[in-house]
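Be aware that the sequence shown starts at 1, since it is given in the UniProt record's numbering, and climbs by one per residue.
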Amino acid sequence: MADRQISLPAKLINGGIAGLIGVTCVFPIDLAKTRLQNQQNGQRIYTSMSDCLIKTIRAEGYFGMYRGAAVNLTLVTPEKAIKLAANDFFRHHLSKDGQKLTLLKEMLAGCGAGTCQVIVTTPMEMLKIQLQDAGRIAAQKKILAAQGQLSTQGGVQPSAEAPAAPRPTATQLTRDLLHSRGIAGLYKGLGATLLRDVPFSVVYFPLFANLNQLGRPASEEKSPFYVSFLAGCVAGSAAAVAVNPCDVVKTRLQSLQRGVNEDTYTGFLDCARKILRHEGPSAFLKGAYCRALVIAPLFGIAQVVYFLGIAESLLGLLQDPQA
Ligand SMILES: *[C@@H]1O[C@H](CO)[C@@H](O)[C@H](O)[C@H]1NC(C)=O
Numbered sequence: 001m002a003d004r005q006i007s008l009p010a011k012l013i014n015g016g017i018a019g020l021i022g023v024t025c026v027f028p029i030d031l032a033k034t035r036l037q038n039q040q041n042g043q044r045i046y047t048s049m050s051d052c053l054i055k056t057i058r059a060e061g062y063f064g065m066y067r068g069a070a071v072n073l074t075l076v077t078p079e080k081a082i083k084l085a086a087n088d089f090f091r092h093h094l095s096k097d098g099q100k101l102t103l104l105k106e107m108l109a110g111c112g113a114g115t116c117q118v119i120v121t122t123p124m125e126m127l128k129i130q131l132q133d134a135g136r137i138a139a140q141k142k143i144l145a146a147q148g149q150l151s152t153q154g155g156v157q158p159s160a161e162a163p164a165a166p167r168p169t170a171t172q173l174t175r176d177l178l179h180s181r182g183i184a185g186l187y188k189g190l191g192a193t194l195l196r197d198v199p200f201s202v203v204y205f206p207l208f209a210n211l212n213q214l215g216r217p218a219s220e221e222k223s224p225f226y227v228s229f230l231a232g233c234v235a236g237s238a239a240a241v242a243v244n245p246c247d248v249v250k251t252r253l254q255s256l257q258r259g260v261n262e263d264t265y266t267g268f269l270d271c272a273r274k275i276l277r278h279e280g281p282s283a284f285l286k287g288a289y290c291r292a293l294v295i296a297p298l299f300g301i302a303q304v305v306y307f308l309g310i311a312e313s314l315l316g317l318l319q320d321p322q323a
């Protein structure tokens with residue numbers, strides 16, 4: 001959007017601040033998305049996003065909606081750093097003597113950066129998904145236990161109160177995964193993540209550029225901020241919905257714990273086939289609405305933070321305290 005020169009530290013601080021605000025605002029929706037995507041037919045606990053959030057608050061408290069948020073809060077800045085560095089690297093190597101990049105090359109640079117980004121994203125998502133989904137599995141067990149008690153009502157069945165499910169932390173999970181499966185354990189679902197994120201960029205960048213163009217007053221001027229802002233939100237949501245099928249497969253592949261009677265999968269194609277056969281094509285849109293609702297504010301917030309130049313003001317204050 002903006003062509004002004006921004007230093008790398010400023011970009012990082014902007015990215016970090018945008019990430020922190022973004023996670024705080026939309027993490028609960030992200031949690032609902034994971035839980036809705038992991039529900040298989042016949043085992044449903046949640047009927048919609050709001051239903052999922054209400055039940056989560058009842059069973060796990062307000063902070064229950066933020067299970068796994070620490071992973072995002074910790075890693076959002078390193079993730080941005082890799083993406084920015086990779087983007088600069090590819091743009092530099094694709095541009096002929098400092099000329100502006102063509103749209104195709106912009107897309108290539110975006111894809112290259114996206115590919116580097118998954119080095120951080122995949123383990124992040126892996127940990128986040130286990131933490132987010134644990135509450136759903138626990139709720140399912142509780143319901144089944146209650147049903148079991150009902151069916152043996154009148155008998156002398158002692159109340160088999162299920163012991164409180166253990167709540168592993170992200171560090172424990174990482175240690176266990178590394179111990180049992182090595183590095184590959186953290187990178188489960190890498191292929192699905194790439195299949196989601198590379199097409200995302202392919203849809204997002206041209207769509208954004210075209211929408212942004214629509215609101216340009218004169219051919220040589222830049223679009224006003226609100227146009228870029230809206231273009232970013234619309235393009236982000238549209239791209240998110242377009243790649244949602246890959247996101248569903250990715251969530252299923254990365255979830256290590258299965259609920260009762262839920263299918264297990266050996267890989268991307270096996271998972272896609274089983275979802276199609278057992279749940280029908282509409283299952284590939286599970287959580288799509290939530291994902292659009294997550295992505296649009298994340299993009300919007302990032303653009304506002306960049307536009308306001310929050311990091312530049314902060315750095316300026318540091319360098320020039322009298323100002
Ligand atoms: C958390 O991080 C992952 C990996 O980058 C991202 O896909 C997801 O959208 C993030 N969630 C939130 C709410 O920021």
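Even glycine gets a Cβ: it sits at the ideal position worked out from N, Cα and C.
Buried versus exposed call for residue i [16 or more other C-beta atoms within 10 Å across all chains shown]
i: Q99; result: exposed
i: S219; result: exposed
i: K96; result: exposed
i: I302; result: The sequence given here has Ala at residue 302, not Ile. Answer is buried; the Cβ neighbour count reaches 16.
i: Y226; result: exposed
i: E221; result: exposed
i: T253; result: Strictly speaking, residue 253 in this sequence is Leu, with Thr absent from that position. Label assigned to L253: buried.
i: Q157; result: Its pLDDT being 45, under 50, Q157 is placed unreliably by the model, and the measurement read from it follows with that caveat. Exposed: under 16 other Cβ atoms inside 10 Å.
i: Y306; result: buried
i: K55; result: buried
i: S228; result: buried
i: residue 330; result: Shown here, the chain extends from 1 to 323; a query on residue 330 therefore has no answer.
i: P9; result: exposed
Residue i - DSSP class collapsed to helix/strand/coil
i: A218; result: coil
i: G154; result: With a pLDDT of 49 at G154, under the threshold of 50, the modelled position of that residue is not reliable, and no figure is offered here.
i: R258; result: coil
i: K11; result: helix
i: L298; result: helix
i: Q99; result: coil
i: F191; result: A small correction: the amino acid at residue 191 is Gly; Phe does not occupy that position in the sequence shown. Correct three-state label for G191: helix.
i: V243; result: coil
i: D263; result: coil
i: N210; result: helix
i: T77; result: helix
i: K286; result: coil
i: T47; result: coil
i: I6; result: coil
i: T121; result: helix
i: G309; result: coil
i: S223; result: coil
i: R167; result: coil
i: Q39; result: coil
i: G19; result: helix
i: R196; result: helix
i: G61; result: coil
Anticipated Cβ contact below 8 Å, residue i with residue j, distance rounded
i: D197; j: G114; result: 5 Å
i: I275; j: A288; result: Not a contact, Cβ separation roughly 14 Å.
i: V243; j: F200; result: 5 Å
i: L36; j: P123; result: With 8 Å as the limit, L36 and P123 do not qualify as a contact, their Cβ atoms being about 23 Å apart.
i: S255; j: I129; result: 6 Å
Any non-hydrogen atom of ligand 1 closer than 7 Å to residue i Cβ
i: L84; result: no
i: M65; result: no
i: D30; result: yes
i: M107; result: no
i: K128; result: yes
i: T121; result: yes
i: G22; result: yes
i: M124; result: yes
i: V305; result: no
i: F27; result: yes
i: L186; result: no
i: N38; result: no
i: L298; result: yes
i: E79; result: yes
i: N212; result: no
i: V294; result: yes
i: N72; result: yes
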